[in-house]
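Have a look at the structure below before the remarks.
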Amino acid sequence: MNERILATKGLTVTYPTVQGSFTAVNGVNLELNSGEIVGLIGESGSGKTSLALGLLALARYPGRVSGSIDFMGQELLTLPEEKLREIRGRSIGLITQKPRQSLNPFQNVGTQIGRVYRAHVDASKAQAQDHAIELLENVGINDPQRRIKAYPHELSGGMAQRALISMALSAQPQLLVADEPTSGLDVTIQAQFLDRMWQRAEETGTAVLLVTQDLGIVANYCDRVLVLENGKLVEDAPTREFFANPTDAYSKKVLSLAGERAQAETASQEAGSQTPLIRLEGLRKTFKLDDGKVLSAVSDVSLTVMQGRSLGLVGESGSGKTTVGRLILRLLEADEGDIWFRDTDLTAMSTREFREFRSKIQVVFQDPFDSLNPRWSVEKAISEPLDLHTKMSKAEKAQRVSELLDQVGLSADVRGSRPSGLSAGQQQRVCLARALSTEPDFLVLDEPTSALPPVARVEMIALLKDLRERLGLSFIFISHDLSTVRELCQDVAVMYLSQIVEMGPTSKVFAHPEHPYTRALLDSVLFHDPLDRRVDREHLGALEGEIPSPIDLPKGCYLAGRCPFAEDRCREEPQLLQITEPDHLVRCWKSVEGILSGASVVG
Amino acid sequence: MGRYVLKRVGIGLLQAIGITVVVFFVIRALPADPVARLVGFNSSPEVYAQAQASLGLDASVWSQFTTYVSGLVRGDLGVSWVTGSSILGELRSALPITLQLITLAFALALLVSVPVGIATAKRPGGKLDKTVFGYGLFAGAQPEFWWGLLFIFFFYYTLGIAPAPLGQYAPGVTPPPEITGMSLVDSLITGNIAAFTDAAWHLWLPVMTLAFIVSGPIIKMTRQSMSRVLGSEFILYQQASGIPANKVARSTIRASLPPVLTLAGILFGFLLGGAVLIEQVFAFNGLGSYSVRAVLNLDYPAIQGTVLIITIVSLGVYLVLDLLLAVIDPRVKN
């Protein structure tokens, strides 16, 4: 064990541009050893992906790799094309960040898996086909004989990622390069995959380079950490040392922010009032599909957000949480149920009435760049709602824009900038300022921190907390990131497959999760502590597989198919949201009756 | 696929009918007087009325329309007000001339431009890329008839390797009987080798001129599309998984083609009636020249017929194009 697998010297990746060439990776020297998982972190744009690909002597068109890469005694950069080809995909495996885009849209999945197989193994087309079927079967894809005929656009992102991961691992590479392999996956699936990768490295001695933005992943799975800044390695340290004593500025900043977050108390309980501001009652939304089937996105959701408080709505993708947000905004019309804003029923309003009302309820979406018109200046983006909802003069509007920029912590210089000239964090602040411009009473925040790099994410959370206290703002915070919700929201509702399965004050739900699904979610959270690693813990009540499609929902408990505690009664009996304590509701008869085995996972 | 074609043909039919109706009424709503154009502005009222009656313009617009439609149903596009011959017959000889010219030009353009576009994408900023960039600016900035004239001057007058631009055949050559109306095809079918070589001899320069003009945008589109695909995740992933280079290249080209084909299809439809300047310069009596004459003479039946034919052929080209795209890209079928 621990022999050297790969070593680079002066590895450099450059891209030609109109103004000359751009150096993404600048003279990197690194070593990777067998059985070792090495984390590569750094801000977005620091060259992480270029470096990861560079290890395969590969650069995205039209880039070039130079320097030296010694892979098990062979110099990759001078190796003949054919020899290099044999190594790629066989001895060095790659898992990319964008699984679906990594597949050729014009070829079915079976053909593509077969092609990679045949590129390295002397096999007939029929054998390659069998291999593809087997591989899909192994990753738990139903009906693989039919699915190999599917084109990439017909697969879900999670499905494609599992297929690609399985492809990379089945070749048993000596080196696995994984470029943010779990960024599109839900926490429970992320944990499944990372556990498997960790095991693989332990057992077969595969060396792994794991590119990530998530310090939790680094703390839990990596033996060593590399930090990249502007294309240069600025830190190369064992994980525990890195967390205990970072040496460079970026690491210090990231870790100190992470440290503050770890110490931050769960959102305070007393803040806010007990006056209901938004009350959803029995909300239901279904979509009719082309083939006549019915998809239930939201079934029977009731919740209340109090004045001046914030509620976190958490769940995996596909749980229906985004649909709930859109129903509140009436971007979608509910099939059934009411939405009360103070004493007004929003669902009873005409479209015209609601349009005027809309200034009171505003929204911030996940991707700030997509939410801003690229041709509009920041000033225009922020003042547009003022044009629609107020009769302010030009000078008043300019004044209001200044106030708003100040509120969201942006300097006045950005007024004239276009979105493309701003960082993701700044763009999201502009979106927030735009949402605040009409002085709304309520905000729907749909994963506003998910598309941001770590530092910007922490700053955004601090800003939201601050605004809630200063402006007495109420909001619903839709997210799959549990640690953010814990920090930011006083109340939390956990959604699974169109239903709320558990709801209550954040402190209670996080300290004593009742529902098996909540427990599994919390168990998958990766804490930023290399001394308390997930891989060293025992796991009770891990879920199997992934969230099923919300078509043809089961009769009994929706989680029964994945729940380790399920028994016949669960499958037969529809589950109701029941009160266990005055402010704590759970949709699981076993929890309610107190006969759910296994201790509380998070203390 | 069969149902898709049927549906598309059905929609195409509706479009053709719609355009027929619109064109008929719109040209009659124009402030133009085709009768005066024919008999002169100073003619006596009697002569004017007689001419008006002979063109059928004395009847109400509605009855003119019903007459026109009943003709259409029988496959009769009417008679030209200027030449007195059947519009269908005139189009039948004009359309194939243009079709042959632009089809050859497009074949040549695609054959040259696609490989050139691919090569420039592979080496951005290379010598070929710079040359092609210069050509794109140069060729695109100057009107096509000007290039025709330059080429004639250079290849015919200076070098003497092209014939005089006096039509499809040399004056001494007996043209083959009109079967398809395309000079190369007709001479080949009738086994008239002398006419075939002469037709080819007279075609090469106009074909090259047109190809020269349409190649600029096609190369540009190929380069752009190819660059995008080369930088895409899935090509990168194929390279990273050790797929052989020739297979990666095939995937790249296939994925780059759709925008190029779409552009070529649009240009083709445009040139059906728009190749008029080239046709004029080389004295080809094609569809472009025919439509210009029809408009200048206010020859309503000829205008209607030309628009209808161009519509039908364009829709046919688009249908073929969409079928091709559906073969290349499985996502199109949904």
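Protein chains in written order, with this note's numbering: chain B, 1 to 603; chain R, 604 to 937.
Using N, Cα and C, we set each Cβ at its ideal position, and we do this for glycine too.
I'd like to check one pair, Gly681 (chain R) with Pro820 (chain R): are the Cβ atoms closer than 8 angstroms? No, Cβ-Cβ distance for Pro820 (chain R) and Gly681 (chain R) is not below 8 angstroms.
Select from the region 902 to 928 of chain R all residues with a C-beta closer than 8 angstroms to any C-beta belonging to chain B, and list them in chain order. none
Closer than 8 angstroms by beta-carbon distance: list the chain B residues that pair up with Glu693 (chain R), in chain order. Result: empty, since nearest Cβ-Cβ is about 45 angstroms, beyond 8 angstroms.
In the DSSP assignment, the beta strand (DSSP E) including Ala178 (chain B) goes from what residue to what residue? 175 to 179
Which residue or residues does DSSP assign as beta-bridge partners of Leu228 (chain B)? B:Leu233
If the cut is a Cβ gap below 7 angstroms, which residues of chain B does Ile931 (chain R) touch? Phe106
Using a Cβ-Cβ distance cut-off of 8 angstroms, determine whether Arg896 (chain R) contacts chain B. no
For Lys823 (chain R) and chain B, any beta-carbon pair shorter than 8 angstroms? no
Output, in chain order, the set of chain R residues within a Cβ distance shorter than 9 angstroms of Ser256 (chain B). Those within 9 angstroms of Ser256 (chain B) in chain R number zero; the least Cβ separation is about 35 angstroms.
Ala511 (chain B) lies in the alpha helix (DSSP H); which residues open and close that run? Start and end: 506 to 511.
What ranges does the beta strand (DSSP E) occupy inside the region 325 to 413 of chain B, keeping only unbroken runs of at least 3 residues that lie completely in it? Counting only runs of at least 3 residues, the region 325 to 413 of chain B fully encloses the following beta strand (DSSP E) elements, listed from N- to C-terminal order: 336 to 341, 361 to 364.
Return the CA-CA distance between Glu134 (chain B) and Gln841 (chain R), expressed in angstroms with no decimal places. A direct Cα-to-Cα measurement between Glu134 (chain B) and Gln841 (chain R) gives close to 21 angstroms.
Measuring CB to CB, does Val324 (chain B) end up less than 8 angstroms from Val298 (chain B)? yes
Per-residue DSSP class, three states only, for Leu576 (chain B): coil
According to DSSP, which residues form a beta bridge with Thr304 (chain B)? B:Arg279
Just how far apart, CA to CA, sit Ile69 (chain B) and Arg60 (chain B)? Straight-line Cα distance between these residues: approximately 17 angstroms.
Alpha carbon to alpha carbon, what distance is there between Leu215 (chain B) and Ala249 (chain B)? 16 angstroms
Whole-Å CB distance - Ala803 (chain R) paired with Val776 (chain R), under 8 angstroms assumed: Contact between Ala803 (chain R) and Val776 (chain R) is ruled out by a C-beta separation of about 12 angstroms, above the 8 angstroms threshold.
Can you tell me whether DSSP reads Met159 (chain B) as helix, strand or coil? Helix, per DSSP.
According to a CB-to-CB cut-off of less than 7 angstroms, which residues of the region 92 to 105 of chain B neighbour chain D? Included in the structure are the protein chains B and R, with no chain D among them.
Using a threshold of 8 angstroms, state whether the C-beta atoms of Thr49 (chain B) and Leu30 (chain B) are closer than that. no
Is there a Cβ from chain R that is less than 8 angstroms from the Cβ of Pro144 (chain B)? No - not a single Cβ of chain R is within 8 angstroms of the one on Pro144 (chain B).
Express the C-alpha separation of Lys823 (chain R) and Ala128 (chain B) in angstroms, rounding to a whole number. 39 angstroms
Considering only the alpha carbon of each residue, which of R:Val884, R:Arg726, R:Phe885, R:Gly908 lies closest to Ser894 (chain R)? R:Gly908
Given Val602 (chain B), which residues of its chain have a CB within under 6 angstroms of its CB, disregarding the five upstream and five downstream residues? Residue placement at Val602 (chain B) is poorly supported in this model, since its pLDDT is 40, which falls under 50; the coordinates still yield a value, given next. Excluding sequence neighbours, Val602 (chain B) sits near Leu522.
Whose CA, out of R:Leu711, R:Ile906, R:Leu609, lies closest to the CA of Phe627 (chain R)? It is R:Ile906.
With 16 other CB atoms within 10 Å as the buried threshold, where does Phe799 (chain R) fall? Buried.
Per-residue DSSP class, three states only, for Arg64 (chain B): strand
Using 8 angstroms for Cβ pairs, my map puts Cys588 (chain B) next to Glu514 (chain B). What's the rounded Cβ distance? 7 angstroms
Any idea which residues DSSP pairs Thr23 (chain B) with across the strands? B:Thr14
Contacts of Asp64 (chain B) in chain R (Cβ-Cβ under 7 angstroms): It is Arg, not Asp, that sits at residue 64 (chain B) in the sequence shown. Those do not exist, as Arg64 (chain B) stays about 12 angstroms from chain R at its closest Cβ, beyond 7 angstroms.
Lys610 (chain R) at chain B interface by Cβ criterion, 8 angstroms: no
Positions along the region 849 to 864 of chain R whose CB lies within less than 8 angstroms of some CB in chain B: Lys850, Ser854, Arg857, Ala858
Rounded C-alpha distance that separates Asn33 (chain B) from Met495 (chain B): 42 angstroms
Going by DSSP in three states, Ala635 (chain R) sits in which element: helix, strand or coil? coil
For Arg934 (chain R) and chain B, any beta-carbon pair shorter than 8 angstroms? Output row for Arg934 (chain R): interface = yes.
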